[in-house]
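Structure first, then comments.
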Amino acid sequence: MSEELDAREIATALLAGVGALLRRVRQVRVEGELAMPERVALSHLDRIGPTTSAELARQEQITAQAMGATLGGLRARGLVERGADPRDGRRVLLALTDAGRQALADKRSSRTEQVAQALADGFTPRELEQLAVAAPLLDRLAQRI
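The letter at position 83 of the sequence shown is residue 63 when you use our numbering, and the numbering goes up by one with no holes.
What follows is the structure, encoded as structure tokens:
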């Protein structure tokens, strides 16, 4: 086998494995946890700061109505708040509340716990060592793409 073929086989296996892991982590939902559209909206607000509903919809490539429904639910739960744009009082900006930031942190923590539990329940100490060695390599691979 040539080096190129080996690299392609490894790439195929990595993409399949990492893709399956991500899909599964996203599919398994904990009661009371944020739904995917809610998580996405909160994550965007966390990253970019206050913005309009229309801008969030554009970034997510969904309709303004769909984003409005998601944001309405987040506002009702106190995770997002509305405020006037300081540069244009006619525009309404949406911003993450402290409770919204906490909900995101909790979500990230619950995912970590979910994966940690699966590791603890289904892997040998040797396999855990292998995964510990692979983790920084996967991060380095992500940086090189």
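Here a beta-carbon is modelled for each residue, glycine too, at the ideal position from N, C-alpha and C.
Source: prediction; values computed, not measured.
DSSP places A75 in the strand class (E or B) of the three-state scheme. Here M47 is buried. Its C-beta has 16 or more other C-beta atoms within 10 Å. With contacts defined as CB atoms closer than 8 Å, A34 and A49 fail to qualify as a contacting pair. Look at R67 here: in three-state DSSP terms it is coil, with no helix or strand label.
For R62, DSSP records a beta bridge to L74. The residues L14, L22 and L59, in chain order, have a CB closer than 7 Å to that of A83 in the same chain once the five nearest residues on each side in sequence are set aside. Using a Cβ distance threshold of 8 Å, D78 and R71 do not count as a contacting pair. Judged by DSSP in its simplified three-state form, T31 adopts strand.
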